[in-house]
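Participant: If you read the sequence shown in this note's numbering, its first letter stands for residue 23, the second for the next number, and so on.
Every residue gets a Cβ at the ideal spot worked out from N, C-alpha and C, and that includes glycine.
Take a look at this one; I'll ask things after.
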Amino acid sequence: MLAKLLSTFNILATARDAALALLLFLTVMLMIMPMPTVIVDMLIGFNFAVAILLLMTSIYLKHALDLSSLPGIILVSTIFRLALSVTTTRLILAQGDAGAIIVTFGQFVIAGNVVVGLVVFFIVTIVQFMVISKGAERIAEVAARFTLDAMPGKQMSIDAEMRNGDIDAEEAGRRRKLLQRESQLYGAMDGAMKFVKGDSIAGLIIIFVNLVGGITIGVVQRGMTAQDAIGQYALLSIGDALISQLPALMISLAAASIVTRVPGKAQVNLGADIIGQLGAEPRALGLAAVALMALGLIPGFPTAILGLLAAIFGAATFLTWNRAGQTGSADGATEKSEEQGAKDTGAQASPPSEEEAEPTPIRLQVSQKLADELNAKTLGPGLETARSNVKNQLGVSCPAASVETVPDMADDMVRVMFDDVPILSDCIMSKHLIVEADAELLEACEIPDEDKRQMPRAFGNATFVDARHMQLLEDAELSFDTPATAALALLDEALMGHIGHFIGIQETQELLTECEQSLGALLQEVMNTLSLQQIADVLRRLLRDRISIANRRMLLEALAEWGGGNRTSEDVTEFVRLAFRRQVCDRVADANRMISGIIVEDGTEALMRDRLHQTVIGTSLSFAEDECEELLSKLRRVIDKKSPDRGQLVIFVAVDLRRHLRAFLLQRRITVEVISSQELVPGYTFFPVSTLRLSRQRSAA
23 MLAKLLSTFN
33 ILATARDAAL
43 ALLLFLTVML
53 MIMPMPTVIV
63 DMLIGFNFAV
73 AILLLMTSIY
83 LKHALDLSSL
93 PGIILVSTIF
103 RLALSVTTTR
113 LILAQGDAGA
123 IIVTFGQFVI
133 AGNVVVGLVV
143 FFIVTIVQFM
153 VISKGAERIA
163 EVAARFTLDA
173 MPGKQMSIDA
183 EMRNGDIDAE
193 EAGRRRKLLQ
203 RESQLYGAMD
213 GAMKFVKGDS
223 IAGLIIIFVN
233 LVGGITIGVV
243 QRGMTAQDAI
253 GQYALLSIGD
263 ALISQLPALM
273 ISLAAASIVT
283 RVPGKAQVNL
293 GADIIGQLGA
303 EPRALGLAAV
313 ALMALGLIPG
323 FPTAILGLLA
333 AIFGAATFLT
343 WNRAGQTGSA
353 DGATEKSEEQ
363 GAKDTGAQAS
373 PPSEEEAEPT
383 PIRLQVSQKL
393 ADELNAKTLG
403 PGLETARSNV
413 KNQLGVSCPA
423 ASVETVPDMA
433 DDMVRVMFDD
443 VPILSDCIMS
453 KHLIVEADAE
463 LLEACEIPDE
473 DKRQMPRAFG
483 NATFVDARHM
493 QLLEDAELSF
503 DTPATAALAL
513 LDEALMGHIG
523 HFIGIQETQE
533 LLTECEQSLG
543 ALLQEVMNTL
553 SLQQIADVLR
563 RLLRDRISIA
573 NRRMLLEALA
583 EWGGGNRTSE
593 DVTEFVRLAF
603 RRQVCDRVAD
613 ANRMISGIIV
623 EDGTEALMRD
633 RLHQTVIGTS
643 LSFAEDECEE
653 LLSKLRRVID
663 KKSPDRGQLV
673 IFVAVDLRRH
683 LRAFLLQRRI
693 TVEVISSQEL
703 VPGYTFFPVS
713 TLRLSRQRSA
723 A
C-alpha cells in the first residue's frame, strides 16, 4: 500500500512538470489556432484565478525568498495573457463575439456609455503602467544592484563567523545558499518587471487595434452602421482590454508588494506587519481620531461617517494604550526582580579585578614596580586620546587599549603588545622624571648626582631625575616627561607605526562600506580593478609609512587609476603615494616648508640595485656585513647631528628603491622617512644635509 502511495506521489510530482510544459505549449497554440468561446471563457477564468492566487500569496509571505519562483511566474503569466489577447482579438475581429465573460464585463463597465468604458480602461492602465509597474521596476533594479554589491561583505561575514566558531560549516553553507538565492531572485526580478511594463504597453496597442479593426470590419465588410459598429466593437474591445489588464494589475501589485517587502523583527506576513507597526504608537492613533473628528465638524462633510471613523480610531487608541501599559508594568516588575537579583548576587561577589577584565587587542604592559603609577585609572583618559590621535592623523579606527600589570616583568619596564605580540618596549623608572636636556643644563640645576641617572631608552639615551626635583626643572624651564606621559608616548608611537597590524580584509570591507553611499560609482570602479586582499595590502603599506587615508575620495581615485594591469600591491602603493605626496611633504617639512634630506649618490643606488634579492616572500635589500655597518653608521652620524628645528630628516632615493630601503631601515629600528624625488611637490624646498656614499659603490649605468 505504501509503495502504491509513493508511486502515486511520484507520478503527481512528474505531472507538475508536465503541466507547466503543457501550459507553455498551449500558450503558443493560442496564438496560432482559433479557439471556441467556451474554452476562451475557461482560460480567462484561469487567468483571473492565477492572478488572485498570486496576490493573496504575496500578502502572506514572510520573506521574498518564500516565492523565489516569482520571476518565472511573471514570465509565464505575461506570455499566457498576451496569447489570450491574441485569441480574443481574433474572435472579436472574425466573429464579433469573444465569449460571455468579455461581453458581460464590457456591458458592466461601459454601463451604456462608451466614453465611460474608455476612461475606466485608461485609468486602470495608467495606474498600472505609471505607478505600480514603474515603481516596482525601479525598486527591483536598486535591490538587485545593492544585493550584488553587498555579496562580498556578507560572504566574508559568514566566513568570519564560522572561523570564530559562532556557526558551524552546515549553517555557513545554508547561509551561503540563501545569499545566492537572494541575489539570483533580485537579479531575475530586475528583468521580470520589464515584462509587466511591456504588458501594459501591449494592452494599449491591442485595444486600439481592436477598436479600429473592429469598426472597419463592421462598416466595410458586414454593412453595419458606424454607430452600431462602434457600440458592438467598443463593448468587446473594452471588455477584452479590462479582462486582460485587471489580472495584469493584480500580478503587478503582487510583484510590487514582494520586492518592497522589508521583513520586520517578528518575521510575520505583510498584513500583520502593517497593522502592528501602524498601531504600535497610540499617540498617532489618537491624533488621527482627533483629525477625523475635526473634519466631521466642517459644514457639508458627512459628520456621521467621519464620526464613526473617529470612534474606531479612538477605540484603537484606548486598546493600544492599555496594552502598552500592561506591557510596561510587566517589564517594570521584571526589571525590579532583576535588580533585586543583582543586589543579592553583588552582596556575594566582588567586582572583577584588572587581571580578570576581558583582554583587549592592544595592551600596555607595566612591571609590578610601576603598577601604582601606571594603571587603568591614571592612564584611562590617555588611552582614549591615543586612539583619537590615530583616527585624526591616519584616518582609521583603533581597537580598544588596556593597561596590564605583569608581575614577572623586569623592574622599570613598559611594553606595548598587539594581539599578544610585543611591538615596542621602554625603560621608565618609577617616581622619576625623564629629561633629555644636555648634561651642562642639568648641572646648572644643582640636582645631586645620586638623584639623577643616565639610562638607555627605546629612542635614545635620557636622564632620569627624582620626582622631588620637579620644581627645579620647571624653574630652569627644562622640559621633562612623567612616567605616565612617557608610557602614553610609547603607546602612541606603537599605534602610529604599527596600526596596519589591525587592517585586514574585514576591516577593509567595513572601510569601503562606509564609502558606498557617497562614493558608490568610484568604489565600484576600484572593486573592478583590485581584489579586497590587494586593497587591504595597499592600506597596510600606506599606514606603515604613516600616510593618512582619511581622504577616502583621493584614496579611491588613486586606487582606481593605478590598480589596473598586472601591478603588484607594492607597485600600486608607490603610485598611490604620489597622489598623497603633498601630505608626505607637509609631514616632513619644517615651519618654512623646508625639507632636510640625505641624497643617495647614483653609484650607491646602483649598488643597492645589485643588492636586491628575490625571495619567496618578495624582494628585499641584502648588503654584505661591512656594507651594512658602513651604511648604518653614516646614517646615524647624520641623524645625530640634525638640528631639531629643521623638521624631520628624510632620505631621497630613486622611486624603485624607496620601499626596499625603507623596509631595510625599519628592520634595524631606524625610522627616518624615505621618499622619492617624484614625491617632492612645488612649494616645498629641498635642503641637502648630507650625501650618502658607500665606499664599495659602483658606477651608475
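With a threshold of 7 angstroms on Cβ separation, who are the neighbours of isoleucine 252 within its own chain once the five nearest residues in sequence on each side are excluded?
Facilitator: Around isoleucine 252: Val136 and Ile237.
Participant: What's the call for alanine 355, buried or exposed, on a 16-neighbour Cβ count within 10 Å?
Facilitator: Note on alanine 355: pLDDT 45, under 50, position unreliable in the model; no value is reported.
Participant: So, helix, strand or coil for arginine 385, using DSSP?
Facilitator: In this structure, arginine 385 counts as strand in the three-state DSSP scheme.
Participant: Could you check if threonine 707 is buried or exposed, using at least 16 other CB atoms within 10 Å of its CB as the buried criterion?
Facilitator: By the neighbour-count rule (16 or more Cβ atoms within 10 Å), threonine 707 is not buried but exposed.
Participant: Have a look at Asp442, Leu544 and Met431 and flag the residue whose alpha-carbon is nearest the alpha-carbon of isoleucine 450.
Facilitator: Ranking the options by Cα distance to isoleucine 450, first place goes to Met431.
Participant: Let me know if glutamine 531 comes out buried or exposed under the rule of 16 or more other beta-carbons within 10 Å of its beta-carbon.
Facilitator: With 16 or more Cβ atoms within 10 Å of its Cβ, glutamine 531 is classed as buried.
Participant: Does DSSP put isoleucine 74 in a helix, a strand or coil?
Facilitator: Note: isoleucine 74 maps to helix in three-state DSSP.
Participant: Give the DSSP bridge partners of serine 100, in chain order.
Facilitator: Residue identity check: residue 100 is threonine in the sequence provided, not serine. Paired residues: none, contrary to the question.
Participant: Is it a yes or a no for the region 554-567 touching the region 509-528, going by three-plus beta-carbon pairs under 8 angstroms?
Facilitator: With the cut-off at 8 angstroms, the region 554-567 and the region 509-528 touch.
Participant: Out of Arg631, Glu651 and Arg659, state which residue places its alpha-carbon closest to the alpha-carbon of serine 642.
Facilitator: It is Arg631.
Participant: On the criterion of 16 or more Cβ atoms from any shown chain inside 10 Å, does alanine 276 qualify as buried, or is it exposed?
Facilitator: Its Cβ being crowded by 16 or more others within 10 Å, alanine 276 is buried.
Participant: Cα separation between valine 696 and alanine 572?
Facilitator: For valine 696 and alanine 572, the distance between alpha carbons rounds to 22 angstroms.
Participant: Thinking C-alpha only, which one of Ile239, His454, Glu529 and Ala506 is nearest glutamine 493?
Facilitator: The residue with the shortest Cα to Cα distance from glutamine 493 is His454.
Participant: When you compare only the Cα positions, how much space is there between arginine 437 and isoleucine 692?
Facilitator: C-alpha separation (whole angstroms): 19 angstroms.
Participant: Between the beta-carbon of serine 91 and the beta-carbon of serine 274, is there less than 8 angstroms?
Facilitator: No, the pair does not count as a contact, with Cβ atoms beyond the cut-off.
Participant: Do the region 541-557 and the region 500-518 meet, that is, are 3 or more Cβ pairs less than 8 angstroms apart?
Facilitator: In short, these stretches do not touch, since the Cβ pair count stays below three.
Participant: Return the residue from the list Ala398, Ile384 and Met64 that minimises the CA-CA distance to proline 444.
Facilitator: Among Ala398, Ile384 and Met64, the Cα nearest to that of proline 444 is on Ile384.
Participant: Do you know whose CA, among Phe440, Met549 and Trp343, lies nearest alanine 306's CA?
Facilitator: Per the Cα distances, Trp343.
Participant: Write down the C-beta distance between leucine 77 and methionine 215 rounded to the nearest angstrom, noting that I regard them as a contact closer than 8 angstroms.
Facilitator: Their Cβ separation, rounded to whole angstroms, is 16 angstroms, which puts leucine 77 and methionine 215 out of contact at 8 angstroms.
Participant: If I follow the unbroken alpha helix (DSSP H) through glycine 139, where does it start and stop?
Facilitator: That run of the alpha helix (DSSP H) goes 136-148.
Participant: Use the C-beta contact count for valine 131: other C-beta atoms within 10 angstroms, 16 or more gives buried, fewer gives exposed.
Facilitator: Buried is the call here.
Participant: Can you tell me the Cβ-Cβ gap for valine 672 and valine 610, rounded? I've got them flagged as a contact below 8 angstroms.
Facilitator: About 5 angstroms; that satisfies the 8 angstroms criterion.
Participant: Would you mind stating whether leucine 392 and valine 425 have Cβ atoms separated by less than 8 angstroms?
Facilitator: Contact: no.
Participant: Quick check on the DSSP output: what are the complete beta strand (DSSP E) runs of length 3 or more inside the region 390-473, in order along the chain?
Facilitator: List check, beta strand (DSSP E) in window: 423-428, 435-440, 443-449 and 454-457.
Participant: In three-state DSSP terms, what is glutamate 592?
Facilitator: Three-state result, glutamate 592: helix.
Participant: Give me the residue from Ala86, Gly220 and Asp262 with the minimum Cα distance to glutamate 70.
Facilitator: Correcting the residue type first, residue 70 is phenylalanine in the shown sequence and not glutamate. Of Ala86, Gly220 and Asp262, the residue nearest in Cα terms is Asp262.
Participant: For a test of the three-state rule: what should DSSP assign to histidine 635, helix, strand or coil?
Facilitator: Histidine 635: strand per DSSP, three-state reduction.
Participant: Counting only the same chain and skipping the five closest in sequence on each side, list residues whose C-beta sits under 6 angstroms from that of alanine 256.
Facilitator: If we look at alanine 256 and ignore the five residues flanking it on each side, its Cβ neighbours are Val136.
Participant: Helix, strand or coil: how does DSSP classify glutamate 695 here?
Facilitator: If DSSP states are grouped into helix, strand and coil, glutamate 695 belongs with the strands.
Participant: For alanine 352 and threonine 535, I'd like the C-alpha separation in whole angstroms.
Facilitator: Confidence at alanine 352 is low in this model, with a pLDDT of 44, below 50, so the placement of that residue should be treated as unreliable; the coordinate-derived value is given next. Their Cα atoms are separated by approximately 40 angstroms.
Participant: Cβ atoms of phenylalanine 502 and leucine 495: under 8 angstroms apart, would you say?
Facilitator: For leucine 495 and phenylalanine 502, yes; Cβs fall inside 8 angstroms.
Participant: Near alanine 580, what residues of its chain come up, given a Cβ to Cβ distance below 6 angstroms and the 5 sequence neighbours on each side ignored?
Facilitator: Closer than 6 angstroms at the Cβ level, and outside the excluded window around alanine 580, lie Val598 and Ala601.
Participant: Helix, strand or coil for glycine 121? Go by DSSP, reduced to three states.
Facilitator: The answer is coil: DSSP assigns glycine 121 none of H, G, I, E or B.
Participant: Measuring alpha carbon to alpha carbon, tell me which of Pro429, Ile456, Ala423 and Ser452 ends up nearest phenylalanine 440.
Facilitator: The residue with the shortest Cα to Cα distance from phenylalanine 440 is Ala423.
Participant: Would you kindly report the start and end of the unbroken beta strand (DSSP E) that includes threonine 535?
Facilitator: Note, threonine 535: premise wrong, no beta strand (DSSP E); alpha helix (DSSP H) at 527-536.
Participant: For glycine 640, which of helix, strand or coil comes out of DSSP?
Facilitator: Of the three classes helix, strand and coil, the one that applies to glycine 640 here is strand, per DSSP.
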